[in-house]
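Remarks on the structure that follows.
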Amino acid sequence: MQTKLAASSLTMRWLKNSTSTQFHEAVLIYVDIYSAKYTLISEAKKHGFVNPLGYCCKHPGNNQARCWNTIIVNGTEVNAVSFEDASKYINWGGIHYTEAANRWIANHIADGSFSDPPIPLTKACQKPVFSR
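Quick note on full-length UniProt numbering: the sequence shown kicks off at 1 and runs consecutively.
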């Protein structure tokens, strides 16, 4: 899987570069979202997150109840809830990223950390002056 994603990344960079030569006045920026998410997960603690594969939406005392489940506990139907600080988790309920994780990714896209060329979006959106 990682090899396929790396190949896809290379293909996208090639496409960006080859398209740039066809459209000289276009500003094309490649953002490697895979690397952004991989970095966030692999370096979760460094960035202030807890267990990178854990999630904050569950039922206290019963890990079988996830955000999308309703289960019976002691004869009572219960739903999972976010009972922990969601800002410390990358994953909300096994599928969706938390607001904190999405903010981390968005900030790193905006500052150019995972972009080619590696420039902040505030500078990338300025139309460059071309000589004719």
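Even for Gly, the Cβ is constructed at its ideal location relative to N, Cα and C.
Original post:
Taking the Cβ atom as the reference point for each residue, do A101 and I90 lie within a distance shorter than 7 Å?
Top reply: On the sequence shown, residue 101 is found 101 positions in, with the first residue counted as 1. On the sequence shown, residue 90 is found 90 positions in, with the first residue counted as 1. Yes, these two residues count as a Cβ contact at 7 Å.
Subject >> Extent of the continuous alpha helix (DSSP H) run through I109 >> reply: Against the sequence shown, residue 109 aligns to sequence position 109. Segment 99-110, the alpha helix (DSSP H) holding I109.
Original post:
Would you report the Cα separation of K45 and N74, rounded to the nearest angstrom?
Top reply: Here the question's residue 45 lines up with position 45 in the sequence shown. Here the question's residue 74 lines up with position 74 in the sequence shown. Cα to Cα, K45 sits roughly 36 Å from N74.
Original post:
Is it buried or exposed for S42, if we count other Cβ within 10 angstroms and need 16 for buried?
Top reply: On the sequence shown, position 42 is the one that residue 42 refers to. When all chains shown are included, S42 counts as exposed.
Subject >> For L40, the nearest candidate out of I119, L121, F114 (CA to CA) >> reply: Taking the sequence shown and counting its residues from 1, one reaches residue 40 at position 40. It is F114 whose Cα lies nearest to the Cα of L40.
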